[in-house]
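Under the UniProt record's numbering, residue 129 is the last one in the sequence shown; the count climbs by one each step, no gaps. Here's the structure we're looking at; comments come further down.
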Amino acid sequence: MDLSTIRNKLQKKDKSHYSAPEDLVTDVRLMFWNCAKFNYLHIPLQPDSEVAEAGRCLDEFFEDKLKEIYPDRHFPSMQQDDSDSEEVESQNSKMPPQDFQWPSYGQECIQPKRKRRHAVRLQKQKHLL
1 MDLSTIRNKL QKKDKSHYSA PEDLVTDVRL MFWNCAKFNY LHIPLQPDSE VAEAGRCLDE
61 FFEDKLKEIY PDRHFPSMQQ DDSDSEEVES QNSKMPPQDF QWPSYGQECI QPKRKRRHAV
121 RLQKQKHLL
């Protein structure tokens, strides 16, 4: 599952368009599941890849917005067997658990490019002082 597939299914002209919010939520969560599964580094104390970090941030943003839009609604968790790419799954013994939670390093979700720009700005400010 990827964003282009989700975007296409949001359009009514697509024959498999979403008929209920649950379908959209399931696909978006599947996309995040796959992002974690294939991009999260399973080595303790190793930093995540930029893709994994971006996925984690977007997942947090999505879940926050979902609660904001549907405050009284519960959407079921994705099932482990819903994951894409079963052939890769059989090769990957370090699969995330069913209710995989992104690791929290106490960092804000700021995109890497913005982090670099922010760091450069701070350095310039220090030199001006």
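For every residue, glycine included, the Cβ atom is placed at its ideal position computed from N, Cα and C. All values derive from a computational prediction rather than experimental measurement.
DSSP state of residue i mapped onto helix, strand, coil
i	result
Lys15	coil
Asp2	coil
Asn92	Reliability of the predicted coordinates at Asn92 is poor, the pLDDT of 43 falling under 50, and no value is obtained from them.
Phe75	coil
Pro119	For the record, residue 119 in the displayed sequence is Ala; it is not Pro. Three-state DSSP puts Ala119 in a helix.
Leu41	coil
Expected contact under 8 Å - CB spacing of residue i and residue j to nearest Å
i	j	result
Ala52	Asn34	With 8 Å as the limit, Ala52 and Asn34 do not qualify as a contact, their Cβ atoms being about 11 Å apart.
Phe32	Asp14	Their Cβ separation, rounded to whole angstroms, is 21 Å, which puts Phe32 and Asp14 out of contact at 8 Å.
Cβ-heavy atom distance, residue i to the ligand NAP, below 6 Å
i	result
Cys57	With respect to the ligand NAP, the structure offers nothing, as it holds no ligand at all.
Buried/exposed call for residue i, threshold 16 Cβ in 10 Å
i	result
Ala119	exposed
Phe61	exposed
Leu41	exposed
Lys37	buried
Ser93	Because the pLDDT at Ser93 is just 39, under 50, the model does not fix this residue reliably, and the point stays unresolved.
Arg29	buried
Glu87	Confidence is the limiting factor: at Glu87 the pLDDT is only 45, short of 50, which leaves the residue's position unreliable, though a coordinate-based value still follows. Per the 10 Å Cβ criterion, exposed.
If contact is defined by three or more beta carbon pairs under 8 Å, each pair taking one atom from either stretch, is the region 4 to 12 in contact with the region 49 to 63?
no
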